[in-house]
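Student: Sharing a structure below in structure tokens format, with a few things to ask.
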């Protein structure tokens, strides 16, 4: 079951939009990180059930952060939240172990669909 | 210049990020190319400050290709793409010459220009189009114009603009992976659009509450 969510994005607006779109009635505990390195550090300290990972970020991008987190925890549930929808970008992040991709800007309906898929996946584990 | 608050710049940056991501995906559909994106940067300045800005931000190029495309509507201005001049030959290789014979009616320079115009049209057009879509308006475009020139003469890039006019620089540097090509995309937004833009940015943010 999803309790803790980590949002990794350098844009404060993207993080705000993501928080706005998450269902309010599910009691999620939300943490935030502003770049890939901070995302890894927060992942280790928070141990989120689900991480939303932007791909284009300063310091450490979302590809490298995803790769590092998957090395630390192969079961990490990471959803790439990105505006970079080039097929090769999506192939690359999926190959690094992302569960799926959420195209920016997120919509409440697509986000809920992803949350349901993640819940199902976590239940089956 | 504090024409835009930090929050307005942050919203603009996120809108620009989404728009350019969409534009590169459109380009990838046309040619087999992967564009490495960087975090876009937003700056506001007077047109008269632009040549100095270009000198600081476009280094390493001796001669450049400049593509510009005007757009009109609630959101009006010009989009610019700047590439090092050698990009032309690399793009011709990527596109292939197709049915065109560069040795006869289509000299290589002309072919380069046609391909650059197409790339510029896709990147600027798709980017502006997505910004307009996100901000709930529509724009019309003029055809893009491509020109070559010395990198040292940046003042010529903006000679047609009023030096007191405000430029919103939405800069993103990008690279075509494995092709050693990088460029700069930026927009100059018309003074008339600024109040509309500020309001629309907040409307965009509020639309997620609905």
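Residue numbers (my numbering), protein chains in the order written: chain A, 773 to 897; chain B, -19 to 190. Idealized CB from N, CA, C, for every residue including glycine.
1) When you compare only the Cα positions, how much space is there between residue 890 (chain A) and residue 35 (chain B)?
2) Can you tell me whether residue 852 (chain A) is helix, strand or coil according to DSSP?
3) Within 10 Å of its beta-carbon, does residue 192 (chain B) have 16 or more other beta-carbons around it, so buried, or fewer, so exposed?
4) Quick one: using the 10 Å Cβ neighbour count with 16 as the cut-off for buried, is residue 773 (chain A) buried or exposed?
5) Have a look at the DSSP bridge pairing and note the partners of residue 128 (chain B).
6) Relative to the C-alpha of residue 877 (chain A), which residue among B:170, B:-13 and B:115 is closest?
7) With DSSP run on the structure shown, which of helix, strand or coil describes residue 892 (chain A)?
8) Under the three-state reduction of DSSP, which class applies to residue 30 (chain B): helix, strand or coil?
9) Under the criterion of a Cβ to heavy atom distance below 7 Å, does residue 61 (chain B) qualify as lining the ligand SAM?
10) In three-state terms, what does DSSP make of residue 139 (chain B)?
11) Whose CA, out of A:812, A:859, A:861 and A:845, lies closest to the CA of residue 778 (chain A)?
12) Beta-carbon of residue 126 (chain B) versus every beta-carbon of chain A: anything under 8 Å?
13) How long is the line joining the alpha carbons of residue 0 (chain B) and residue 103 (chain B), rounded to whole angstroms?
14) In terms of DSSP beta bridges, what is residue 21 (chain B) paired with?
15) Let me see if you follow: with CB-CB separation under 8 Å, is residue 859 (chain A) close to chain B or not?
16) Going by CA-CA distance only, name the one from B:162, B:98, B:-13 and B:26 that's closest to residue 48 (chain B).
17) If we cut at 8 Å on Cβ distances, does residue -7 (chain B) have a partner in chain A?
18) With the cut-off set at 8 Å, would you say residue 874 (chain A) and residue 848 (chain A) are in Cβ contact?
Tutor: Per the coordinate set shown:
1) Walking along the first chain from the start, residue 890 (chain A) turns up at place 118. Walking along the second chain from the start, residue 35 (chain B) turns up at place 55. Between residue 890 (chain A) and residue 35 (chain B), the C-alpha separation is close to 49 Å.
2) Locating residue 852 (chain A) in the first chain gives position 80, counting from the first residue. Here residue 852 (chain A) sits in strand by DSSP.
3) Since the first residue of chain B shown is -19 and the last is 190, residue 192 (chain B) is not available in this structure.
4) In the first chain, counting from the first residue as 1, residue 773 (chain A) sits at position 1. Per the 10 Å Cβ criterion, exposed.
5) In the second chain, residue 128 (chain B) corresponds to position 148, counting from 1. DSSP lists B:45 as partners of residue 128 (chain B).
6) Along the first chain, read from residue 1 onward, the residue named residue 877 (chain A) stands at position 105. Among B:170, B:-13 and B:115, the Cα nearest to that of residue 877 (chain A) belongs to B:115.
7) The residue given as residue 892 (chain A) occupies position 120 in the first chain. Helix, per DSSP.
8) Here residue 30 (chain B) is taken as the residue at index 50 of the second chain, counted from 1. Residue 30 (chain B) falls in the helix class under three-state DSSP.
9) Questions concerning the ligand SAM fall outside what the structure shown contains, since it holds no ligand whatsoever.
10) In the second chain, the residue the question calls residue 139 (chain B) occupies position 159. In this structure, residue 139 (chain B) counts as coil in the three-state DSSP scheme.
11) Taking the first chain and counting its residues from 1, one reaches residue 778 (chain A) at position 6. With distances taken between CA atoms, residue 778 (chain A) lies nearest to A:812 out of A:812, A:859, A:861 and A:845.
12) Within the second chain, the letter at position 146 stands for residue 126 (chain B). Not one chain A Cβ lies under 8 Å of residue 126 (chain B).
13) Position 20 of the second chain, counted from the start, is the residue given in the question as residue 0 (chain B). Position 123 of the second chain, counted from the start, is the residue given in the question as residue 103 (chain B). So the alpha carbons of these two residues sit roughly 7 Å apart.
14) Within the second chain, numbered from 1, the residue matching residue 21 (chain B) stands at position 41. In the DSSP output, where bridge partners are listed per residue, residue 21 (chain B) has B:151.
15) If you number the first chain from 1, residue 859 (chain A) lands on position 87. Taking Cβ atoms only, chain B reaches closer than 8 Å to residue 859 (chain A), which makes this a yes.
16) On the second chain, residue 48 (chain B) is found 68 positions in, with the first residue counted as 1. Per the Cα distances, B:98.
17) Taking the second chain and counting its residues from 1, one reaches residue -7 (chain B) at position 13. At least one beta carbon of chain A lies nearer than 8 Å to the beta carbon of residue -7 (chain B).
18) Here residue 874 (chain A) corresponds to residue number 102 of the first chain, with the count starting at 1. Here residue 848 (chain A) corresponds to residue number 76 of the first chain, with the count starting at 1. The answer is no: Cβ separation not under 8 Å.
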